[in-house]
Amino acid sequence: MTTHSNHFSSHLQEEAWRYRWQLVLAGGIIMGCALGIRHVQGLLMQPVILERGWSREDFAWAVALQNLVWGLAQPFTGMVADRFGAVRVMLASAALYALGLVLMAQSQSTWLLTWGDGVLVGIALSGTGFAVVYGALSRLFSPAQRPWALGVAGALGGLGQFLMVPLTQSLLLQWHWQPVVLALAAVMAVAAPLALLLRQRTPLPAGGQAAPAEPAEPALDMRSALRQAFGHQGFWLLNAGFLACGFQLAFIAAHLPAYLLDQGLGAREAGICLALVALANVFGTYACSWAGGWMRRKYALALLYLVRSAIMLWFVLTPVSAATAYVFSVVMGLLWLGTVPLTNGLIAQVFGVRYLSTLFGFVFFGHQVGGFLGAWLGGLVYDATHSYLWLWWAAIALGVLAALLHWPIRDAALGEARANRLAPVAQ
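Numbering (numbering that gives the first Met the number 0), first residue to last: 0 to 426.
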């Protein structure tokens, strides 16, 4: 009997482990495709504007609007996902993503480029990116398993970004840019059905055993949860700090290839740099999520922003060569999306997971305001001054400011903080 029981327990653990990997693979692949296609926008800039006769600002405006629309749509997409389920949102968003890319491929005017690559893809990213995927996974895993799940899904998403760079670059060497964009639309459509694996169910237990109980969360409706979050100082500090992250990432992703070409490097080196950012992000996202499991997340975020500013300062002050560009790309990649699981985890830690997609959506709006400014001002300032220097200095300063904003955040769970305030003081 004991042998049979041990065998059955071992079978349960094996099934639970296999099922865990199915969930994080599904979430990671969807994020990897969505974020990877966004990541290669910089490679598409030169072919598109050279053929169409547009300026860098014209293309940068579409990318900037994509970031802003993503941020504007994210809170509402999160609400729909929390109310009706993440699966429906992901499926609809993947279809919209593909449609936006089709419009981009057919664009004969900046107006159509802006609608396709800017508005439609921006909305689609809100349903295939961090907030909805991480929200779904957070509800599917117990608190003990959550850092692992978010870290692995984020790393897989980063791997997808990495693979998208050489894929896009190799296609651009063989095809015109329009069929390349259509091929990217097909990739998004093929990945969409994986969302069906992320249907809402009981949190997955660890090792085949009963899942540890979730910390008690107040029984709030969405309006009360939003009022509670909006009244919390840390919620707004996270929002402001995340703006710096969006500015830095959007500026670098959209303009680093053009910046390197201006400094005398070739398209090959520019592509390698984007690939290195994405590859390093695979390890960096997991490492940052792991770090959030053993140190206070607000301190991990502050440290991350300081290191980002330091590597950008070094890059600006050092003569640009292939070697320095590669070093910068690797270090920046290690810190690229590590802010996302840390910020998501901090929100879950303070406010719980019931409305996580919604609350992260509002914080993510700050990120995308920064992304809009980083992408758009990069093109605007370059066209006015023929230099990106002012944008580099702005990105460095915002990183330092973000570190200072994260330090004073009150990160105790709301129920715990309330209990501490009400507890009698020892005489």
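Here a beta-carbon is modelled for each residue, glycine too, at the ideal position from N, C-alpha and C.
For residue i and residue j, which I take to be in contact (beta-carbon distance under 8 Å), what is that distance rounded to the nearest angstrom?
i, j, result
"SER92", "GLY115", "That belief does not hold up - the Cβ atoms of SER92 and GLY115 are roughly 15 Å apart, past 8 Å."
"GLN73", "ALA130", "6 Å"
"GLY156", "GLY283", "That belief does not hold up - the Cβ atoms of GLY156 and GLY283 are roughly 12 Å apart, past 8 Å."
"ALA239", "CYS272", "29 Å between Cβ atoms; not a contact."
"MET30", "ALA152", "7 Å"
"PHE359", "GLY134", "7 Å"
Please report the distance separating the alpha-carbon of residue i from that of residue j.
i, j, result
"ALA396", "ALA321", "25 Å"
"GLY159", "SER169", "16 Å"
"VAL319", "LEU390", "16 Å"
"ALA224", "TYR354", "8 Å"
"PHE371", "ALA243", "11 Å"
"PHE161", "LEU275", "7 Å"
"LEU195", "PHE361", "25 Å"
"ILE346", "LEU305", "21 Å"
"VAL164", "GLN262", "21 Å"
"TRP69", "PHE364", "8 Å"
"LEU334", "LEU278", "11 Å"
"TRP176", "GLN21", "34 Å"
"SER386", "ALA301", "29 Å"
"LEU166", "TYR258", "22 Å"
"LEU264", "ALA154", "29 Å"
"LEU98", "TRP406", "42 Å"
"LEU90", "GLY117", "19 Å"
"ALA59", "THR338", "24 Å"
"VAL23", "PHE250", "29 Å"
"GLY150", "TRP293", "13 Å"
"HIS254", "VAL352", "36 Å"
"ALA63", "TRP375", "5 Å"
"ARG87", "LEU388", "43 Å"
"TYR285", "LEU336", "9 Å"
"GLN173", "TRP53", "23 Å"
"MET311", "VAL329", "12 Å"
"ARG51", "LEU260", "19 Å"
"ASP410", "ILE48", "46 Å"
"GLN208", "ARG138", "For GLN208, the predicted model reports a pLDDT of 43, less than 50, meaning its position is unreliable and no value from the coordinates is stated."
"LEU71", "ALA401", "21 Å"
So, for residue i: in the same chain, excluding its five sequence neighbours on each side, which residues have a beta-carbon less than 6 Å away from its beta-carbon?
i, result
"TYR298", "none"
"PHE234", "ALA228"
"THR384", "none"
"ILE408", "GLY233, LEU236 and LYS297"
"HIS366", "PHE241, CYS244 and GLY245"
"PHE83", "none"
"CYS287", "GLY337 and LEU341"
Using a Cβ-Cβ cut-off of 7 Å (strictly less than) and excluding sequence neighbours within five positions of residue i, which residues of its own chain qualify?
i, result
"GLY291", "PRO146, ALA299, PRO340, LEU341 and GLY344"
"LEU95", "LEU119, ILE122 and ALA123"
"ALA252", "HIS38, GLN40 and GLY41"
"GLU56", "GLY378, LEU379 and ASP382"
"ALA182", "LEU170"
"LEU404", "LEU236, ALA239 and GLY240"
"GLY128", "MET30, ALA33 and LEU34"
"LEU193", "ALA25, ILE28 and ILE29"
If distances are taken between C-alpha atoms only, which option among the options comes closest to residue i?
i, options, result
"ALA123", "LEU100, LEU181 and PHE359", "LEU100"
"ALA85", "LEU71, LEU388 and VAL132", "VAL132"
"SER106", "GLY128, SER137 and ALA61", "ALA61"
"ALA33", "PHE250, GLY230 and ALA185", "ALA185"
"LEU248", "ALA25, MET331, ALA190 and GLY351", "MET331"
"LEU136", "ARG87, PHE58 and ALA25", "ALA25"
"ALA179", "MET103, TYR18 and TRP406", "The residue asked about is misnamed: residue 179 is Val in this sequence, not Ala. Of the candidates MET103, TYR18 and TRP406, the one whose C-alpha sits nearest the C-alpha of VAL179 is MET103."
"TYR18", "ARG198, GLU50 and GLY35", "ARG198"
"ASN280", "LEU237, TRP293 and PHE327", "PHE327"
"ALA412", "MET311, ILE48, HIS231 and LEU49", "HIS231"
"ARG226", "LEU388, PHE350, LEU260 and ILE310", "PHE350"
"THR357", "MET221, TRP313, SER288 and PHE314", "MET221"
"ILE36", "GLU50, ALA188, LEU71 and ILE48", "ALA188"
"ARG295", "LEU193, PHE83, LEU312 and GLN348", "GLN348"
By Cβ distance, which residues of its chain are closer than 8 Å to residue i, with the 5 residues on each side in sequence left out?
i, result
"PHE246", "GLY369, GLY370, LEU372, GLY373, ALA393, ALA394 and LEU397"
"PRO256", "GLY41, LEU42, MET44, GLN45, ALA266, ALA269, GLY270, CYS272 and LEU273"
"VAL399", "TYR304, LEU305 and SER308"
"ALA422", "Caution is warranted here: a pLDDT of 38 is assigned to ALA422, below 50, making its placement in the model unreliable, and no coordinate value can be reported."
"LEU67", "GLY121, GLN367, VAL368, GLY370 and PHE371"
"ARG317", "Inspection of the sequence shows that residue 317 is occupied by Thr rather than by Arg. Correct list, in chain order: THR323."
Exercise. Between the region 107-114 and the region 71-86, do at least 3 Cβ pairs fall closer than 8 Å?
Worked result: no
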